[in-house]
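Undergrad: Below you'll find the structure I mean.
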RNA sequence: GCCCAGGUGGCGGAAUUGGUAGACGCGCUGGAUUCAAAAUCCAGUUCUGGCUAACAGAGUGCGGGUUCAAUUCCCGCCCUGGGCACCA
């Protein structure tokens, strides 16, 4: 026999599997279909790191388990290959993104092949391939046709020195990553998708087997609220000012109005402001801050008085109007009414500007005094005071009453608001799918006809930053200049590319149809194979990617392109693998490659070690200290399979084997791979003492198949089986065989364990109590007082309460 | 700041319709084997006291509470991680 030659055996089976097409899926047979998907990787210069393995290994184990349960499993893989890092690399080194991406992809394909997963490479997609992004552009056109795409001005991070747009990542701490200049905001005309139109549909998770926390995060992200838009007259100005509030009940306490620096209201009325220079300077400064900074509670509030006043019709009070950066233009109407007695940020602002603070809600402490402490602001329950006809009502009733009142008077209108913003897809970058729009002087904005797709990304691009603020594609004359599809006259192409989230919002629809050239996908095929049965990926995608993918799927459904509304039936998030407590990234220099471990221990050991680290959904900090434990286990497993077949206790073997089947089955169902490995270790420890027979060996080998597929395949062959083990039937257990006749239970006195007894599983309470009482150590305690209660939880615990 | 998770031995973790906390593995200690080492095998291993015992006390981030009994349920904190819309 000898030691287990992991590398040799793994390469042998990978070759066989490839040659026999074991992992190719017949998509015409959808009867027992199972679409098992992982979020596809970005082909970065770091290649695959241990985090990918942590994710992909168990995902493949799951797919293998489902295949052994008789499902026709489709497990595709691909690359999300457009994006910023390849472009930055090009700017630095001059290497074309197409080249560096192709290199990274081919290296990663090699790494993934060594894993031995069941990927059907015939169906692979690479989003930067012409044959893929052609259809990303097609998806854009569908959304455009449906009037879900539109253009408007929106701010970008702008480096005044480099004269270029920066990603958030390049603008951390408000300075440019390259030159350290202070980052400013600049408005550009950009494309958006109306994801807000789908806010209600996206809030409906009722048919989704998703983690509760993910649903909660999406719900909070969408942020539905019911409130009222109130219009106030502004003294000396013809236009009214409109504010959105969810707490109109507090409006008798309104003492000022605040408008966002970038709001329409500021733009429209700037000529009427008192100190125009001060306000212009303030707006400029606000542009340098991030939203998170601006809205943080506890931060010192700043602002400039406009000289204008809004009139509160409830109180006839003149409310001064301020410009302040703690209000954001894209939230609600970009204007808020200041109620410092009931909102903590308004409270902070009022203190700063010495504005009137009125108590209108009495909270649980019953305090009605005029002076309000910060902790009394923002009461979630309470009743109204100082609010005329609302006085005495609880805040919820008052909210309804005042909204009725305001609507009757014509001062306001009930509205539903969402925090969700429309999806900004324009990117002023090269390495992305061009937006298929043409601008013609005569015809205006014209979508590229579907038959003219793809709009091909040009190669004649110089990556060095031009410093003229234009998108890279602007500089390709051959790309930019074109003929109008409608009138044939001279026209210019849109030079922005699409957000890469656009590529990943539909790739799962392309996999089953990846080779089609005349259409993005076939409705019949997709209606059979989708939704995805299991989708595995990181929780960091809870709000963005997963909402975008749902939105695109819903929109395509509503246009009749596909017959299902939701893309992902079941969702599981793997945990994140960190290194020294931090997310692995090139900038931190803490990326750990799986290659040396695969080389040294083999794919199976490495995969099982990652599983054994802890629960799949938890992740953890990477270290390689325990990997020898798994290597030892594999050696022992190997020697048991190859060892003699002699058993000292047959009944015990059967019982433990059936217990093992139960545990592994349940653990895999719950994705608790760590305890599945532990259970196998316990079983091996047991059979090393007790011995094993051939049928038990076979079951044991089947049970390890999802976790260590190469090892299992080799053992399966050694045990004389002909078929591939992944096509053997998952073992079942007999519940009757795993019942323990005798169990050890603890004996408690006043809740503390004082002894242990062994009882028969159907022993009666009297019997058990009597046995417990007879223990010398228990007698000692029983003599100390009077027994007031005897407790017996069958099979679990026996206890006495004494006084 | 806001939203969502998580905190258990020297380390990774196990155990939750409340019922013997620490399975499994790493590491460590002792032993066997060996000229020696590696590898392997056997035994021990939460901490404190105690005779390497019986047993007792403490113990699941911190402070309270409910209960015969709390890692598990409730209230209030602290810390760490993820996300916050141009990294993907």
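In the working numbering, the protein residues as written are 12 to 814. C-beta: ideal position from N, C-alpha, C; glycine also. Source: prediction; values computed, not measured.
What is the DSSP secondary structure of residue 444, counted as helix, strand or coil?
TA: coil
Undergrad: Can you grab the Cα-Cα spacing for the pair residue 749 / residue 677, in whole Å?
TA: 15 Å
Undergrad: How many whole angstroms separate the CB atoms of residue 361 and residue 225, which I take to be in contact at a CB cut-off of 8 Å?
TA: That pair is no contact at about 38 Å.
Undergrad: Once DSSP output is grouped into helix, strand and coil, what is the label at residue 477?
TA: coil
Undergrad: Residue 714 to residue 639, Cα distance in whole Å?
TA: 21 Å
Undergrad: If contacts are defined as beta-carbon pairs under 8 Å, then residue 374 and residue 393 qualify, I think. What distance do you get, rounded to the angstrom?
TA: 4 Å
Undergrad: Run through DSSP, which three-state label would residue 641 get?
TA: helix
Undergrad: Looking at the structure shown, is residue 61 part of a helix, part of a strand, or coil, going by DSSP?
TA: helix
Undergrad: Are residue 60 and residue 459 closer than 8 Å when you measure CB to CB?
TA: no
Undergrad: My guess is that residue 555 and residue 581 are in contact by the Cβ rule of under 8 Å, so how many angstroms apart are they, rounded?
TA: Not really, about 20 Å apart at Cβ, beyond 8 Å.
Undergrad: By the three-class DSSP mapping on this structure, what secondary structure does residue 11 have?
TA: With the chain running from 12 to 814 in the structure shown, residue 11 is simply not present.
Undergrad: Once the 5 residues before and after residue 741 are set aside, which same chain residues still bring their CB inside 6 Å of it?
TA: 79, 80
Undergrad: How close, in whole Å, do the beta carbons of residue 553 and residue 759 come, if the pair is a contact with beta carbons under 8 Å?
TA: Not confirmed; about 44 Å, so no contact.
Undergrad: Determine the extent of the beta strand (DSSP E) in which residue 348 is found, giving its start and end residues.
TA: 346-349
Undergrad: Within this structure, are the beta carbons of residue 695 and residue 617 separated by less than 8 Å?
TA: no
Undergrad: Looking only at its chain, what residues have a beta carbon closer than 8 Å to the beta carbon of residue 709, apart from the 5 residues adjacent to it on each side?
TA: 727, 730, 732
Undergrad: Based on DSSP bridge pairs, tell me the residues matched to residue 584.
TA: Bridge pairing for residue 584: 548 [DSSP].
Undergrad: For residue 163 and residue 157, what's the separation of their Cα atoms in angstroms?
TA: 17 Å
Undergrad: Would you check if the distance between the CB atom of residue 243 and the CB atom of residue 272 is smaller than 8 Å?
TA: no
Undergrad: Decide if the segment 241-260 is in contact with the segment 315-332; the criterion is three or more beta carbon pairs, one per stretch, under 8 Å apart.
TA: yes
Undergrad: Spell out a yes or no on whether the segment 439-454 and the segment 465-472 are touching, meaning 3 or more CB-CB pairs, one atom from each, closer than 8 Å.
TA: yes
Undergrad: Among 518, 45, 340, 262, which residue has its Cα nearest to the Cα of residue 274?
TA: 340
Undergrad: Is the beta carbon of residue 566 sitting closer than 8 Å to the one on residue 429?
TA: no
Undergrad: Give the straight-line distance between the Cα atoms of residue 268 and residue 202, rounded to the nearest whole angstrom.
TA: 32 Å
Undergrad: Can you find at least 3 beta carbon pairs, one from the segment 665-672 and one from the segment 684-703, that sit closer than 8 Å?
TA: yes
Undergrad: In chain order, which alpha helix (DSSP H) runs of at least 4 residues are fully inside the segment 645-711?
TA: 661-680, 684-701
Undergrad: Residues in its own chain within less than 6 Å of residue 227 by CB, not counting five upstream and five downstream?
TA: none
Undergrad: Locate the alpha helix (DSSP H) running through residue 121, then write down its first and last residues.
TA: 108-126
Undergrad: For residue 13, which option in 62, 647, 329, 569 has the closest C-alpha, if you only look at C-alpha atoms?
TA: 647
Undergrad: Nearest to residue 443 by CA position, among 182, 138, 522, is which residue?
TA: 138
Undergrad: Which of the three DSSP states is assigned to residue 503 in this structure?
TA: strand
Undergrad: Note down, one range per segment and in chain order, each beta strand (DSSP E) of at least 3 residues found wholly within the segment 332-414.
TA: Taking only runs of at least 3 residues, the beta strand (DSSP E) segments lying wholly in the segment 332-414 are 346-349.
Undergrad: In the DSSP assignment, find the beta strand (DSSP E) that holds residue 166 and state where it starts and stops.
TA: 160-170
Undergrad: With distances taken between CB atoms, is the gap from residue 259 to residue 239 smaller than 8 Å?
TA: The answer is yes: Cβ separation under 8 Å.
Undergrad: Taking the alpha-carbon positions, what's the residue 615 to residue 586 distance?
TA: 20 Å
Undergrad: Mind pulling the beta strand (DSSP E) runs of 3 or more residues that sit fully within the segment 211-294?
TA: Restricted to the segment 211-294, the beta strand (DSSP E) segments that are unbroken, complete and at least 3 residues in length are 236-245, 248-256, 267-270, listed in chain order.
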